[in-house]
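Read the structure below first, then the notes.
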Amino acid sequence: MLYLWSMNNANNNKMNNSIQLQSVGKVKALPAGQIKVGTTLLWNFGHKSIVKAISKETLKSVWFTTQTDNGNTYNRRFLKTRLIAVI
């Protein structure tokens with residue numbers, strides 16, 4: 000029974016376009032395929048990063064170059080269907 004509840008809960012999150020972040024709570028989210036350059040992403044514990052470039056895009060995945068508040072740059076790969084918190 001617990002398995003059915005968790006699956007329903009996951010489906011509700013996708014339909015509502017929101018996700019639960021640690022130490023932040025429930026926040027608005029977009030599928031990775033809809034995120035554009037300049038979008039501010041929100042992570043657990045309130046960390047933020049800005050999408051500086053879309054490095055590569057395939058049929059199912061997208062690669063972002065992101066920059067954090069302290070200037071660190073990261074390359075991140077996501078499935079286009081993955082929900083990512085945005086501000």
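Numbering (numbering that gives the first Met the number 0), first residue to last: 0 to 86. Even for Gly, the Cβ is constructed at its ideal location relative to N, Cα and C. All of these numbers come straight from a predicted model, not from anything done at the bench.
Quiz item: Helix, strand or coil: which one does DSSP assign to Q66?
Solution: strand
Quiz item: Which one of A52, E56 and G24 has the shortest CA to CA distance from F44?
Solution: G24
Quiz item: Taking Cβ positions, are T65 and L40 nearer each other than 8 Å?
Solution: Yes, the Cβ-Cβ distance between T65 and L40 is below 8 Å.
Quiz prompt | Inter-residue Cα distance where the pair is Q19 and K55 | solution = 27 Å
Quiz item: Are N88 and L82 closer than 8 Å when you measure CB to CB?
Solution: Beyond the ends of the chain as shown, which are 0 and 86, falls residue 88; an answer cannot be given.
Quiz item: Is it buried or exposed for A31, if we count other Cβ within 10 angstroms and need 16 for buried?
Solution: buried
Practice problem: In the DSSP assignment, find the beta strand (DSSP E) that holds G24 and state where it starts and stops. | Solution: Residue range G24 to P30 is occupied by the beta strand (DSSP E) that includes G24.
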